[in-house]
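Below is one structure, written out as structure tokens; comments come after it.
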Amino acid sequence: MMRWDFLTAAADALMVQFEEEIDLEINAKVHRLAYLLNHNDYDWVVEVVTSYRSLLLYYDVLECNEAQVKQALRPLVEEVLAAEDKTQSDVCQHQIDVCYDAELGIDLETVAATLGMSTDEVVRLHTDRLYHVYTLGFAPGFAYMGDVDEKLRVARHDTPRQKVVQGSVAIAGQQTALYPQTSPGGWQVIGRAVTWPRLTPGDKVQFNAISRAEFAEQCKAHGVNHD
Amino acid sequence: MTDGVRIEQPGLLATLQDLGRFGQQAQGVTEGGPMDERAFLWANRLLGNAFDAAQIEVTLGQFSLTFLRKTLFVVTGADYPLTLNKRPMKTWRVNQAQAGDTLTIGTNDSGLRCYVAVAGGFSAEPVLGSVATVVRDRLGGLSQQGTPLAAGDVIATLPSPEQTLESRRPSSRVMTAVPSRPTLSLIPAAQFQQFNAAARDLLVQQTYQVTAKQDRMGIRLQGPQPLTEVPGNMISEPLPIGSVQVPPDGQPIVMMNDHQTLGGYPKIGVLSWTARSLLAQLPAGRKFQFRWLPLDEAQRELRQVRRFFNILR
Numbered sequence: 001m002m003r004w005d006f007l008t009a010a011a012d013a014l015m016v017q018f019e020e021e022i023d024l025e026i027n028a029k030v031h032r033l034a035y036l037l038n039h040n041d042y043d044w045v046v047e048v049v050t051s052y053r054s055l056l057l058y059y060d061v062l063e064c065n066e067a068q069v070k071q072a073l074r075p076l077v078e079e080v081l082a083a084e085d086k087t088q089s090d091v092c093q094h095q096i097d098v099c100y101d102a103e104l105g106i107d108l109e110t111v112a113a114t115l116g117m118s119t120d121e122v123v124r125l126h127t128d129r130l131y132h133v134y135t136l137g138f139a140p141g142f143a144y145m146g147d148v149d150e151k152l153r154v155a156r157h158d159t160p161r162q163k164v165v166q167g168s169v170a171i172a173g174q175q176t177a178l179y180p181q182t183s184p185g186g187w188q189v190i191g192r193a194v195t196w197p198r199l200t201p202g203d204k205v206q207f208n209a210i211s212r213a214e215f216a217e218q219c220k221a222h223g224v225n226h227d
Numbered sequence: 228m229t230d231g232v233r234i235e236q237p238g239l240l241a242t243l244q245d246l247g248r249f250g251q252q253a254q255g256v257t258e259g260g261p262m263d264e265r266a267f268l269w270a271n272r273l274l275g276n277a278f279d280a281a282q283i284e285v286t287l288g289q290f291s292l293t294f295l296r297k298t299l300f301v302v303t304g305a306d307y308p309l310t311l312n313k314r315p316m317k318t319w320r321v322n323q324a325q326a327g328d329t330l331t332i333g334t335n336d337s338g339l340r341c342y343v344a345v346a347g348g349f350s351a352e353p354v355l356g357s358v359a360t361v362v363r364d365r366l367g368g369l370s371q372q373g374t375p376l377a378a379g380d381v382i383a384t385l386p387s388p389e390q391t392l393e394s395r396r397p398s399s400r401v402m403t404a405v406p407s408r409p410t411l412s413l414i415p416a417a418q419f420q421q422f423n424a425a426a427r428d429l430l431v432q433q434t435y436q437v438t439a440k441q442d443r444m445g446i447r448l449q450g451p452q453p454l455t456e457v458p459g460n461m462i463s464e465p466l467p468i469g470s471v472q473v474p475p476d477g478q479p480i481v482m483m484n485d486h487q488t489l490g491g492y493p494k495i496g497v498l499s500w501t502a503r504s505l506l507a508q509l510p511a512g513r514k515f516q517f518r519w520l521p522l523d524e525a526q527r528e529l530r531q532v533r534r535f536f537n538i539l540r
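Protein sequence lines, in the order shown, are assigned to chains G and A.
In this text, residue positions in the first sequence follow the numbering used here: the first is 1, and each later residue adds one.
In this text, residue positions in the second sequence follow the numbering used here: the first is 228, and each later residue adds one.
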């Protein structure tokens, strides 16, 4: 059985940690546990925050102490660990249109050169699979997705850019992301999207390549000024 | 709802804050809220407001506003010099202002932040359930875009029951001043077990000081000796407010209200509720000690706080 642990996180917060790996199966356990905690009307659950292999639970200190929370959590964790994770039916799938144009994906050509492949091959590898939303963080709505094809893994910039434009789609190592707001950022930008859904941890995302003309059309339709 | 106050001079940074934006850290949305939560809660209590009624957090004083209607108000937090139409007033005491009166807040080294609260509380359109201003996330505040308050901004106040002026203040047993050499209580938490005994001891034995590298996101500390054999970087995990992260240089960083929702540095502990409010008031260079506080004592404190201020979450 998968190893796991409790850690005190604060006077009103407890962390559940599974094995220390960025791994789809481990992350699925985290989201399954979050689901159980969020959908069972436990009066001691205040807020649940998930990450790759960790779940932070804020609990109501007026209702219980840490020992009681651990006691209530243990069977839930065991249930999640025992479950065969075929429960993908409630997973939300999204399609996001991305224009992989070198003017918008400002690192596209460098990434292709670094990896010794054509930009078309970069696009093919990036759009070829369904990504899993591991966690949200860094900034509101910033989703860490994976896993990027092993052939497409590049390091982030040594010095982050001061400004990565809103809608930028970027890669770094095993992960890919979309910048929901213009912000500083150190990932390799390979394309840009006009619109995107609100993502939740556990969701699945497929990127579709669109042409520069389609991109311009979408910008017009959504009143986006993409400069 | 009526126009309540007009900002004349915002000082270095003045932001609208309620208790914070809760329930959305899973979406990457941080809490925001008052850095000195204790002073904030006291201000609402003294005015008979809801515990989370919005106030103005003023950083380093040098602030003034004009009241646009008659209202009860209080200023808590740092003990800055206050005047209402040039007449000196006391902090932590409920006062009455008439329409047209100007409140001026000066500055001194008694702390970093004060809270201006009015009866009923300030009103703004909430974003994701809160008016808390988080500049980095561009959320909340009067503009709903996370911008700080600016000269000329007019903030509405919510109606409050007609109240008579009784100079309400906390009991004299309540500490309103920041001690000159504070002790901050720290709960062993997160990766505490992965730090070696020498590091855990050193943290509470040596004297730390607050550095100038601090904002609403985090506060960097400096100790004479860095903690050594710091555990390596981890897979990023959620972190609560008050977490004491130790980056590879061995000098702790305390995560405050506008912290990122995920962090990859190991954490040796988390500040108690009182300690967090105290730290929010310590100017750069101020020395302090840490002490370890068992979890059950920290929980007892939190329960008392929740009950005393009637906090529902």
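Ideal Cβ positions, reconstructed from N, Cα and C, are used throughout, including at glycine.
Here the structure is a predicted model, which means the values were calculated and not measured.
Quiz item: Does the separation of the CB atoms of residue 544 (chain A) and residue 380 (chain A) fall below 9 Å?
Solution: Only positions 228 to 540 of chain A appear in the structure, and residue 544 (chain A) is not among them; the question remains open.
Quiz prompt | chain A contacts from the stretch 15–47 of chain G (Cβ-Cβ distance under 8 Å) | solution = 15, 17, 20, 21, 22, 34, 46 and 47
Quiz item: What does residue 181 (chain G) reach in chain A if we use C-beta pairs closer than 9 Å?
Solution: 364 and 365
Quiz item: In three-state terms, what does DSSP make of residue 235 (chain A)?
Solution: Strand, per DSSP.
Quiz item: Quick one, which of A:300, A:440, A:414 and A:366 has its alpha-carbon nearest residue 495 (chain A)'s?
Solution: A:414
Quiz prompt | Spatially closest choice to residue 407 (chain A) from A:509, A:387, A:395 and A:386, by CA coordinates | solution = A:509
Quiz prompt | Under 8 Å by beta carbon: chain G residues contacting residue 489 (chain A) | solution = 51, 135, 137 and 138
Exercise. State the CB to CB distance for the pair residue 522 (chain A) and residue 9 (chain G), rounded to an integer number of angstroms; the pair is presumed to be in contact (CB under 8 Å).
Key: With 8 Å as the limit, residue 522 (chain A) and residue 9 (chain G) do not qualify as a contact, their Cβ atoms being about 10 Å apart.
Practice problem: For residue 58 (chain G), write down the residues that DSSP places opposite it in a beta bridge. | Solution: G:13 and G:47
Quiz item: So with Cβ pairs under 9 Å, would you call residue 82 (chain G) a contact of chain A?
Solution: no
Quiz item: Going along the stretch 455–470 of chain A in order, which residues come within less than 8 Å of chain G, judged by CB to CB distance?
Solution: 461, 462, 463, 464, 465, 466, 467, 468, 469 and 470
Quiz prompt | Environment of residue 265 (chain A) [buried if 16+ CB atoms lie within 10 Å] | solution = buried
Quiz item: chain G partners of residue 250 (chain A), CB-CB under 7 Å?
Solution: Result: 47.
Self-check item: Range covered by the beta strand (DSSP E) that runs through residue 400 (chain A)
Solution: Taken as a continuous stretch (DSSP letters only), residue 400 (chain A) belongs to no beta strand (DSSP E), as it is neither H nor E.
Quiz item: What residues in the stretch 201–221 of chain G bring their beta carbon closer than 8 Å to a beta carbon of chain A?
Solution: 201
Quiz item: Is the Cβ-Cβ distance between residue 302 (chain A) and residue 341 (chain A) less than 9 Å?
Solution: In this structure, residue 341 (chain A) lies closer than 9 Å to residue 302 (chain A) by Cβ.
Quiz item: Is any beta-carbon of chain A found at less than 9 Å from that of residue 12 (chain G)?
Solution: yes
Self-check item: The beta strand (DSSP E) enclosing residue 210 (chain G), as first and last residue numbers
Solution: 204–210
Practice problem: May I ask you to verify whether the stretch 421–432 of chain A touches the stretch 364–384 of chain A, counting CB pairs closer than 8 Å and requiring at least 3? | Solution: Result no; under three Cβ-Cβ pairs closer than 8 Å.
Quiz prompt | C-alpha gap between residue 178 (chain G) and residue 143 (chain G), whole angstroms | solution = Separation of residue 178 (chain G) and residue 143 (chain G) (C-alpha to C-alpha, rounded to the nearest whole angstrom) is 7 Å.
Quiz item: Are the stretch 180–196 of chain G and the stretch 60–80 of chain G touching by the rule of at least three beta carbon pairs closer than 8 Å?
Solution: no
Exercise. Kindly list, in the order they appear in chain A, the residues whose Cβ is closer than 9 Å to that of residue 66 (chain G).
Key: 522, 523 and 526
Self-check item: residue 267 (chain A): first and last residue of the uninterrupted beta strand (DSSP E) it sits in
Solution: Not the beta strand (DSSP E): residue 267 (chain A) falls in the alpha helix (DSSP H), residues 264–274.
Quiz prompt | 9 Å Cβ cutoff, residue 254 (chain A) in contact with chain G | solution = yes
Self-check item: Three-state secondary structure (DSSP) of residue 334 (chain A)
Solution: coil
Exercise. Tell me, please, which residues DSSP counts as bridged to residue 191 (chain G).
Key: G:169
Quiz item: With distances taken between CB atoms, is the gap from residue 291 (chain A) to residue 331 (chain A) smaller than 9 Å?
Solution: yes
Quiz prompt | Alpha carbon of residue 443 (chain A) to alpha carbon of residue 263 (chain A), nearest angstrom | solution = 11 Å
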